[in-house]
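Residue numbers (the numbering used here): 1170 to 1309. Using N, Cα and C, we set each Cβ at its ideal position, and we do this for glycine too. Written below as structure tokens is the structure these notes are about.
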């Protein structure tokens, strides 16, 4: 599964009311420099798949996940924010390894292995573990 798949799956689990709150908060949430908020009209029309596409078209993968975590926390959806945070942690590791900065990569590998260990056997995170298993066999 890709980061996109995980983001979509996380948003798909929101109840209709929570999805509406998420879209409303996302429209007004302060974004980092160089990015713009997604227009309200586009957000209102979007279903979960469309919302995922909007997030990834307006922001890069790592920032789309970070923003999702922040917005979920802002609307008090802690469980969903924690799930999205796991995706965020994984994306940081993947990008660090891909970009190949040796020192950063080494640190991220250690962080990833520790994170994977702490993930435990919680079935809620099974989809994350499945996605990242190839990385674990490479350096844990």
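Query: Residue of 1204, 1205 and 1221 minimising C-alpha distance to residue 1178; Result: 1221
Query: Three-state class that DSSP yields for residue 1206 in the structure shown; Result: coil
Query: Cut-off 8 angstroms between Cβ atoms - residues of its own chain near residue 1205, not counting five sequence neighbours on either side; Result: 1227
Query: Span of the alpha helix (DSSP H) around residue 1179; Result: 1172-1181
Query: Spatial neighbours of residue 1348 in its chain, beta-carbon cut-off 6 angstroms, leaving aside the 5 residues before and after; Result: Residue 1348 cannot be examined here, being either before or after the span of the chain that is shown, 1170 to 1309.
Query: Cβ neighbour criterion (16 or more within 10 Å) applied to residue 1252; Result: buried
Query: Outcome for residue 1292 when other beta-carbon atoms lying within 10 angstroms are tallied against a minimum of 16; Result: Here residue 1292 scores only 46 on pLDDT, less than 50, and its place in the model should not be relied on; the value that follows carries that caveat. With fewer than 16 Cβ atoms within 10 Å of its Cβ, residue 1292 is classed as exposed.
Query: C-alpha distance - residue 1197 paired with residue 1174, whole-angstrom precision; Result: 25 angstroms
Query: The alpha helix (DSSP H) enclosing residue 1226, as first and last residue numbers; Result: 1217-1227
Query: Selection from 1189, 1188, 1202 and 1185 that minimises the alpha carbon distance to residue 1229; Result: 1202
Query: Terminal residues of the alpha helix (DSSP H) in which residue 1188 lies; Result: 1185-1197
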